[in-house]
Amino acid sequence: MERKLALDDATLLSIEQPARYIGGEVNAVMKDKNNIAIRFAMCFPDIYEIGMSHLGIQILYHMFNRREDTWCERVYSPWTDLHSIMRDRHIPLFALESQDPVKDFDFLGITLQYEMCYTNILQILDLSGIPMMAEDRKDYSFPIVIGGGPCTYNPEPIASFFDIFYIGEGETAYDALLDLYKECRDFGVPRAEFLRRAAKIPGMYVPSLYRVTYKDDMTIEDFSPIGDDIPRVIKKELVKDLTNAVYPEKPVVPFIKATQDRVVLEIQRGCIRGCRFCQAGMLYRPVREKNVEELKKTAVKMLESTGHEEISLSSLSSSDYSQLEELVTYLVEVCSEKKINISLPSLRIDAFSLDVMSKVQDVKKSSLTFAPEAGSQRMRNVINKGLTKDDILAGSKLAFEGGWNKVKLYFMLGLPTETEEDIKDIAHLSEEIAELYYDTVPKEKRQGKVQITASSSFFIPKPFTPFQWAVMGTHSEFAEKASVVKAEFDSMLNRKSLRYIHHETDLSELEGIFARGDRRLDKVLLTAYKKGCLFDSWSECFDYEKWVAAFEECGISGDFYTTRERSADEIFPWDFIDIGVTKNFLRREWENAMAGKVTKNCRAGCSGCGAASFGVGVCHER
Amino acid sequence: MSDRVKVRLRFEKYGAMKFIGHLDVMRYFQKLIRRAGLDVAYSEGFHPHQILSFANPLGVGISSKGEYADLVMESVTSSKDMVDALNRENVEGFFVTDIVRLPENAPNGMASVDRADYELTLSEEKYPDVSWLEDACKALSQKEEVLIEKRTKKGMKTVDIKEGILELRCEGRVIFMKLRAGSALNIRPEQVLLAVFAQAGAELYPFSYDTLRLEQYDCDGKSLLSAGEVF
Ligand code: SF4
Chain A
1 MERKLALDDA TLLSIEQPAR YIGGEVNAVM KDKNNIAIRF AMCFPDIYEI GMSHLGIQIL
61 YHMFNRREDT WCERVYSPWT DLHSIMRDRH IPLFALESQD PVKDFDFLGI TLQYEMCYTN
121 ILQILDLSGI PMMAEDRKDY SFPIVIGGGP CTYNPEPIAS FFDIFYIGEG ETAYDALLDL
181 YKECRDFGVP RAEFLRRAAK IPGMYVPSLY RVTYKDDMTI EDFSPIGDDI PRVIKKELVK
241 DLTNAVYPEK PVVPFIKATQ DRVVLEIQRG CIRGCRFCQA GMLYRPVREK NVEELKKTAV
301 KMLESTGHEE ISLSSLSSSD YSQLEELVTY LVEVCSEKKI NISLPSLRID AFSLDVMSKV
361 QDVKKSSLTF APEAGSQRMR NVINKGLTKD DILAGSKLAF EGGWNKVKLY FMLGLPTETE
421 EDIKDIAHLS EEIAELYYDT VPKEKRQGKV QITASSSFFI PKPFTPFQWA VMGTHSEFAE
481 KASVVKAEFD SMLNRKSLRY IHHETDLSEL EGIFARGDRR LDKVLLTAYK KGCLFDSWSE
541 CFDYEKWVAA FEECGISGDF YTTRERSADE IFPWDFIDIG VTKNFLRREW ENAMAGKVTK
601 NCRAGCSGCG AASFGVGVCH ER
Chain B
1001 MSDRVKVRLR FEKYGAMKFI GHLDVMRYFQ KLIRRAGLDV AYSEGFHPHQ ILSFANPLGV
1061 GISSKGEYAD LVMESVTSSK DMVDALNREN VEGFFVTDIV RLPENAPNGM ASVDRADYEL
1121 TLSEEKYPDV SWLEDACKAL SQKEEVLIEK RTKKGMKTVD IKEGILELRC EGRVIFMKLR
1181 AGSALNIRPE QVLLAVFAQA GAELYPFSYD TLRLEQYDCD GKSLLSAGEV F
């Protein structure tokens, strides 16, 4: 039987990219809804092309659909053109597979990948016809709205909109939750009681069951569960055996070109490095590797089931994967035979990676990537970035000799303790690399100029990092710093070979507010959404003025969350979550940062962060 | 290289797949051919690609029973095998009907296509009464010239598309058209439909009809499939 689409032809033909809304892709899962007990709508609150590129959703989609009693479908944010049509004509938001309204589902799962998607969450609820505030969803006539993903490590700014947050890696505890739901619903247990029971499943945070009180200075006085049976601390869920964890061997293949139009192979989870600004580096501790033989098999299966012409490896730091050489050598062989491109993640530049890169890409067109994150060695010690100038120069020299002449460098501005000298060193380092090129490559062998592109983003302090205590720079400080760096670049001898670009400042400020925000921000989000804020991470949609007005209307100062000095003993909104890494360790690391002291990576020596308590991964390697 | 084989596929595109644009159809087929495990030929270079070309892009919103793609193979099995392998991997809305082997010197589909048949069905809801339609089609086919407004770079221009309309008839609310297609002269069915409505002084509403491409032919009026042989 042909699927009936939720949107009529006239609508589909009058919007951009109608294929975003029709489903029916290769490997999309169809089930007979008459035999299904639980309907799960899995949402990535951004456009289809972005959402479809996300590995986590594909993993969960596959995992849910393995259950016979459950049908998991996908939902993405309708772009602004369709948004207006749906509002005007009261067309309810629908899931792609069945094209049925999301409102009729049992669960609406929303993945929270970045703070700037928060207004899109409200759009999803709004277009679905689901009350935005969790307290207004009193029975099973509305789906259980559950959030997951990195932003759940401080879910407080959006706590009012969710029934549950799943804290940690999604592969472990959903079965228990779905079983409980089925039982409660079928036996007429009220929704509120279901949520109470759910709160006792490991990893489940039910925000309505916690009360927050504040001191006169607006910081948190107390954050406690309502009732003795509700856990005070929620420990993140973690996959113990990554090799045998569920993985989508048949990922859905979009018709339109998604951001990731390729097979994505996750090789490990976590990172041994401990950069002090990096949230992912702390959240996913300890590092767990996947078995290389299994990875080889998975890669082939995924290529066969999708027909993708490209494969890429996914991890926070692929060079630290212990079997990388073996895996990459195998992939290069298989892929050249099957005419498949390999897109290599940014590997540490050394003889091995350059050799591989020269095999899989056109040296003349490709560029080297380094992420020194800071210009000076002093600053890199503060942030615990192990990469030294010598590493960068040695890698560049090798690459220049191998024919490369493009280098990309990534930096941050606004790091704790940063001085003007530190940021000017961004230009100096770029200049030195350019000089090295002209010293290394004789004139007759040069393919035009060397091209060095340095880009900087603004540092945003994130929860669960040693820098969670840091003061974030203001808008104007950021702009000032960027212009200092720009001027320094312009004064370099080799400036014609150098390019400097920097990110927007307005967006960073807002991201900073929500990253370390608390429950009181929910009304700002509601107000901003009502004013029309949507797709804030899209520069063509982002409207800073509206946000300023929303904060003003709510009487809330963003500076409280960004530029305020936080004391050592302040209770943070996210302190109720236990990620394994202790607050003591983070504080110690903050002090090391202030002293400019470097901490070893997990393989060079354990620094006792606390994640060993999970009993797996790098902490227990010999 | 010389034992490579050129084949031609005919496929249907229908249902929700009519919303997939031409570039995405090409991407879809590249992945489909890989999934089906066909021994397709690739170009040289760092990013090898399949040697695959489509005869005539189909506009978004139009369904078809007669789409064509040419493909160079390293080796082939049988037409039936290959058709089955592709259809096993096809999603609902794409269906391969035939594969034929082309003579070595055969021009590709893009160069061969000269005309195409279309069937347009008017919506019952939007046009409850279509009793005028047959007369309008007849009148238009008998005219010396068929003038339409065409948007060009320099603004609107009036052009005569008479020579591009090879056949035009109607039954009830279904209009059949045989139109010139391809690089020399390409007439789109909605251009003709507009002329039919103009002839009758009727208003054509947006999105008020379905278009189906039926088949495509070379300049001798032979189906593009007939250039090759089943193997
Ligand atoms: S306990 Fe030690 S080895 Fe394990 S993650 Fe923490 S620092 Fe690394």
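Protein chains in written order, with the numbering used here: chain A, 1 to 622; chain B, 1001 to 1231. C-beta: ideal position from N, C-alpha, C; glycine also.
Sub-7 angstroms separation of residue i and residue j beta-carbons
i, j, result
"Phe-478 of chain A", "Leu-415 of chain A", "no"
"Met-1068 of chain B", "Ala-1055 of chain B", "According to the sequence provided, residue 1068 of chain B is Tyr. The question's Met does not apply to it. It is a contact, given that the beta carbons lie within the stated cut-off."
"Ser-318 of chain A", "Leu-283 of chain A", "no"
"Val-264 of chain A", "Ser-312 of chain A", "yes"
"Lys-496 of chain A", "Thr-453 of chain A", "no"
"Cys-1170 of chain B", "Leu-1224 of chain B", "no"
"Tyr-48 of chain A", "Arg-20 of chain A", "yes"
"Glu-553 of chain A", "Val-471 of chain A", "no"
"Gly-1015 of chain B", "Gly-1093 of chain B", "yes"
"Pro-45 of chain A", "Ile-121 of chain A", "yes"
"Gly-129 of chain A", "Pro-78 of chain A", "no"
"Gly-109 of chain A", "Met-63 of chain A", "no"
"Glu-97 of chain A", "Ala-159 of chain A", "no"
"Pro-286 of chain A", "Ala-611 of chain A", "yes"
"Asn-1108 of chain B", "Ser-1053 of chain B", "yes"
Residue nearest to residue i in terms of C-alpha spacing, selected from the options
i, options, result
"Leu-1194 of chain B", "B:Met-1017, B:Leu-1058, B:Leu-1122", "B:Leu-1122"
"Arg-197 of chain A", "A:Phe-223, A:Trp-71, A:Glu-171, A:Ile-164", "A:Ile-164"
"Ala-399 of chain A", "A:Ser-557, A:Lys-389, A:Ser-367", "A:Ser-367"
"Pro-1206 of chain B", "A:Thr-11, A:Pro-442, A:Thr-562", "A:Thr-11"
"Glu-183 of chain A", "A:Ser-483, A:Asp-106, A:Asp-126, A:Phe-514", "A:Asp-106"
"Lys-301 of chain A", "A:Tyr-247, A:Leu-177, A:Pro-286", "A:Tyr-247"
"Gln-468 of chain A", "A:Ala-394, A:Lys-583, A:Ser-456", "A:Lys-583"
"Ala-971 of chain B", "B:Ala-1106, B:Met-1156, B:Tyr-1118, B:Lys-1126", "Nothing about residue 971 of chain B can be reported from this structure: the residues present for chain B run from 1001 to 1231 only."
"Pro-1189 of chain B", "B:Val-1096, B:Leu-1214, B:Gly-1172", "B:Leu-1214"
"Lys-627 of chain A", "A:Ser-322, A:Ala-351, A:His-308", "The question about residue 627 of chain A has no answer here: the residues shown for chain A are numbered 1 through 622."
Residue range of the unbroken alpha helix (DSSP H) whose run includes residue i
i, result
"Asn-1087 of chain B", "1079-1089"
"Met-1110 of chain B", "1109-1112"
"Trp-71 of chain A", "No alpha helix (DSSP H) contains Trp-71 of chain A, which is instead part of the beta strand (DSSP E) from 70-76."
"Tyr-61 of chain A", "55-66"
"Leu-1194 of chain B", "1189-1200"
"Asn-381 of chain A", "377-382"
"Met-282 of chain A", "279-283"
"Val-300 of chain A", "292-306"
"Thr-259 of chain A", "That residue, Thr-259 of chain A, is in no alpha helix (DSSP H); it is neither H nor E in DSSP."
"Gln-1142 of chain B", "1133-1142"
Start-to-end residues for the beta strand (DSSP E) that takes in residue i
i, result
"Asp-81 of chain A", "Per DSSP, Asp-81 of chain A belongs to no beta strand (DSSP E); it is in the alpha helix (DSSP H), 80-89."
"Arg-499 of chain A", "498-502"
"Lys-1065 of chain B", "1063-1073"
"Lys-1031 of chain B", "Run containing Lys-1031 of chain B: none in the beta strand (DSSP E); it sits in the alpha helix (DSSP H), 1022-1035."
"Phe-1054 of chain B", "1052-1054"
"Ile-164 of chain A", "164-166"
"Met-42 of chain A", "38-44"
"Val-1007 of chain B", "1005-1013"
Nearest-angstrom Cβ-Cβ length linking residue i and residue j, presumed shorter than 8 angstroms
i, j, result
"Phe-161 of chain A", "Met-116 of chain A", "With a Cβ gap of about 16 angstroms, Phe-161 of chain A and Met-116 of chain A do not count as contacting."
"Val-1025 of chain B", "Glu-25 of chain A", "That belief does not hold up - the Cβ atoms of Val-1025 of chain B and Glu-25 of chain A are roughly 13 angstroms apart, past 8 angstroms."
"Val-1072 of chain B", "Asp-1218 of chain B", "Not a contact, Cβ separation roughly 20 angstroms."
"Tyr-181 of chain A", "Ile-36 of chain A", "That pair is no contact at about 13 angstroms."
"Leu-238 of chain A", "Cys-271 of chain A", "In fact, because the Cβ distance is near 14 angstroms, the residues do not count as touching under 8 angstroms."
"Thr-119 of chain A", "Leu-534 of chain A", "5 angstroms"
"Arg-262 of chain A", "Glu-325 of chain A", "The Cβ separation is near 22 angstroms, so there is no contact."
"Gln-377 of chain A", "Thr-388 of chain A", "7 angstroms"
Minimum Cβ-Cβ distance from residue i to chain C less than 7 angstroms
i, result
"Pro-1189 of chain B", "No chain C appears in this structure, whose protein chains are A and B."
Proximity test, residue i beta-carbon vs the ligand GDP heavy atom, cut-off 6 angstroms
i, result
"Ser-346 of chain A", "The model on display carries the ligand SF4 but not the ligand GDP."
Listed in chain order, which residues of the region 170-183 of chain A have Cβ atoms closer than 8 angstroms to some Cβ of chain B? none
Check each residue of the region 337-370 of chain A: if its Cβ is closer than 9 angstroms to any Cβ of chain B, include it; give the result in chain order. Lys-338, Lys-339, Ile-340, Asn-341, Val-360, Gln-361, Asp-362, Lys-365
When Cβ atoms are compared, which residues of the region 64-84 of chain A fall closer than 9 angstroms to chain B? none
Taking any Cβ of chain A, which residues in the region 1065-1096 of chain B have a Cβ under 8 angstroms from it, in chain order? Glu-1089, Val-1091, Glu-1092, Gly-1093
Using a Cβ-Cβ cut-off of less than 9 angstroms, list which residues of the region 1001-1035 of chain B approach chain A; keep chain order. Tyr-1014, Gly-1015, Ala-1016, Met-1017, Lys-1018, Phe-1019, Ile-1020, Gly-1021, Leu-1023, Asp-1024, Val-1025, Arg-1027, Tyr-1028, Gln-1030, Lys-1031, Leu-1032, Ile-1033, Arg-1034, Arg-1035
Note down, in chain order, all residues in the region 1204-1217 of chain B with a beta-carbon under 9 angstroms from any beta-carbon belonging to chain A. Pro-1206, Phe-1207, Ser-1208, Asp-1210
Between the region 1125-1137 of chain B and chain A, which residues of the former have CB atoms less than 7 angstroms from a CB of the latter, in chain order? none
Selection of the region 3-20 of chain A by Cβ proximity to chain B, strictly under 7 angstroms: Arg-3, Leu-5, Asp-9, Ala-10, Leu-12, Leu-13, Pro-18, Ala-19
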